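Structure first, commentary second.
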Amino acid sequence: MERVVRETGENPTAAVIWLHGLGADGHDFESIIPELGVDQIDPIRFIFPHAPTRPVTINNGMVMRAWYDILEVSIDRRIDETGIYQSAALIEELIAEQRALGIPDQRLILAGFSQGGAMAYHVGLAQDPPLGGILVLSAYLPIADSLLKGSGKGAGSTPLLCCHGQWDPVVPLALGETSARQVEQA
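By this note's numbering, the letter at position 152 of the sequence shown is numbered 852, and the numbering carries on one by one without gaps.
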């Protein structure tokens, strides 16, 4: 999988896999590293993968980087489960690579914004053993039923931070709040 990799020092002992939103690419959050104030702690490997390109229905079928197709924008939206599972497999390969490089699960963070946040929810909550944490920014849980009814092994034990813009014009705040409640109740 194509990606941008930045390390804050030699021999990283932690990793953050940061997933971008619809239409962006891995470079989108690359500039956030200096803003995080991580220069005084152990070295971290930041991985910013590029989503595959695919036609996106709500954008008139325009081909762009997307973790999955967005079929409609309603609150009770139909979901492209096939695309989600395909991208989840790619993200799980990145997680496996970091484990193989010696990064322990408790030092592995999965972060994402918007559509990337939806993927962070989906992949992060399913990890067994659980990851060190999940960061979800302005996103929603895309396939709540299957994740929260058994296959979401990390749902109750993975530290999770969900943040959502109050006036987000793309992902409604209500969708983000509903997702956070669903995870809390799992």
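Backbone N, C-alpha and C fix where the C-beta goes; we use that ideal spot for every residue, glycine too. Here the structure is a predicted model, which means the values were calculated and not measured.
Residue environment, residue i, which counts as buried when at least 16 other CB atoms sit within 10 Å
i: I834; result: buried
i: P712; result: buried
i: V705; result: exposed
i: P830; result: buried
Helix, strand or coil at residue i according to DSSP, with G and I counted as helix
i: E702; result: coil
i: P842; result: coil
i: L722; result: coil
i: E884; result: helix
i: E707; result: strand
is_contact[residue i, chain B] using C-beta, thresh 9 Å
i: E877; result: In the structure shown, chain B does not exist; there is a single protein chain.
Beta-carbon proximity of residue i to residue j, cut-off 9 Å
i: T757; j: I770; result: yes
i: A724; j: R765; result: yes
i: F813; j: L736; result: no
i: G726; j: E702; result: yes
i: H822; j: A788; result: yes
i: I791; j: A818; result: no
| field | Stretch-stretch touch, CB-based, cutoff 8 Å, three pairs: the region 790-809 with the region 724-741 | value | no
| said: Three or more C-beta pairs under 8 Å: does that hold for the region 775-784 against the region 792-803? | reply: no
| request: Could you tell me whether the region 822-839 touches the region 742-756, using the rule of 3 or more Cβ pairs below 8 Å? | output: no
| said: Please give me, in chain order, every unbroken run of the beta strand (DSSP E) with length at least 3 that falls completely inside the region 791-848. | reply: 808-813, 833-837
| What are the complete beta strand (DSSP E) segments, minimum 3 residues, inside the region 731-781? | 744-749, 753-756, 762-765
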